[in-house]
Structures are given as C-alpha cells and as structure tokens.
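Reading through the structure tokens given below for one structure.
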Amino acid sequence: MKRAVQLLALGAYFILAPPTAWSLPYLAEEPAIETLADWNILPNGMLYAAYDLDRNGKAEFFTVRMIEKSFVSTQTVQEAANGFPNCKVFFVNYSHDRYFYIVSARPLFYAIDVNEDGIWDLMYKDVLEDGVNGNET
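Take a look at the structure:
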C-alpha cells in the first residue's frame, strides 16, 4: 500500500509539473510594433530590436534577426517591402533616400531582461526560425 501511494504521488508530480522547457517562462510571440523602443545593427551582421512592453522607458524584450540584404534606395518603404514579401523591413531616412535593412521574417534569438538593468537575463535560440512554439532552447 505504501508503495502504491508513493507511485501515485510520483505520477501526479510528473503530470502536474511539466518541465520548464515546455512552459518557456517569459517567452512570447514578438510584441506589437507600437512597443518597439529601439533597433540597431550588431557587428556580426544581425539586427536587434528592443521592445518596451510596460512602457516605462526601459526595454525588456529583445529579438535578434539575420540581415538578408541591405541597400540604399529612393523607394518608399512600401515599395521596398513589396520586393521582399516574407521579410521585415527596417530603414533609416536620409535627406533624399533611405537605407533599407531586409531581415528574416522570424527572429533567430529572443532575449528577456527580467529586471530591466540592461543585461539580458534569459536568451532563447529558435534554430528553425519558426516562431515561439516550444522548440526554442
């Protein structure tokens, strides 16, 4: 009887306490563009975007994407985006033209700064670049 109770308790533990890799604490889909606080190009050729989810002036959610193409053009943003339908477009305005950065549709890395001190506390890699679906490491 004692062994049956122990096995039942152990089974309940495994059923009711899933591994943290399944729950992905703090990780969510990419936030709305309205929460975008900043973006920049990293020396390794990747673009990071910082999001301020609670709108307190400090970014706490970050995405890092591969830059697929960059170019200078007089095109409008919509014209440039039409040429790359499955990608995101970031740009810098200059007086007569724009510098465009075409990046992958989904981030390669997601990072979270839990205490908003400027240092990323959690970082997830999405090798398949298929969005937040539980296979991030």
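Just remember that the working numbering sits 2 ahead of the position in the sequence shown, which is counted from 1.
No residue lacks a Cβ here, since even glycine has one placed at the ideal position from N, Cα and C.
ASP123, buried or exposed, once every other Cβ within 10 Å from all chains shown has been counted against 16: Position 121 of the sequence shown, counted from the first residue, corresponds to residue 123. The C-beta of ASP123 has fewer than 16 other C-beta atoms within 10 Å across all chains shown, which makes the residue exposed.
Restricting to runs no shorter than 3 residues, where is the beta strand (DSSP E) found entirely within the segment 20 to 100? Look at the segment 20 to 100 and you find these whole runs of beta strand (DSSP E), each 3 residues long or longer: 38 to 43, 48 to 53, 63 to 75 and 90 to 95.
Whole-angstrom Cβ separation of TYR29 and VAL105, contact assumed at under 8 angstroms? Taking the first residue of the sequence shown as position 1, residue 29 is located at position 27. Taking the first residue of the sequence shown as position 1, residue 105 is located at position 103. Here the sequence assigns Leu to residue 29, which means Tyr is not the residue at that position. Not quite, the Cβ-Cβ distance comes to about 20 angstroms (not below 8 angstroms), so this is no contact.
Count the C-beta pairs between the segment 96 to 115 and the segment 72 to 82 that are closer than 8 angstroms, then say yes if the count reaches three, no if not. yes
Alpha-carbon to alpha-carbon, MET3 and LEU130: On the sequence shown, position 128 is the one that residue 130 refers to. On the sequence shown, position 1 is the one that residue 3 refers to. If I take the Cα positions, the gap works out to 48 angstroms.
If distances are taken between C-alpha atoms only, which option among ASN135, PHE86, LEU10 and PRO45 comes closest to TYR112? Your numbering for residue 112 matches position 110 in the sequence shown. It is ASN135 whose Cα lies nearest to the Cα of TYR112.
What does the alpha-carbon distance come out to for the pair ASP128 and ALA107? The count along the sequence shown starts at 1 and reaches residue 128 at position 126. The count along the sequence shown starts at 1 and reaches residue 107 at position 105. Their Cα atoms are separated by approximately 12 angstroms.
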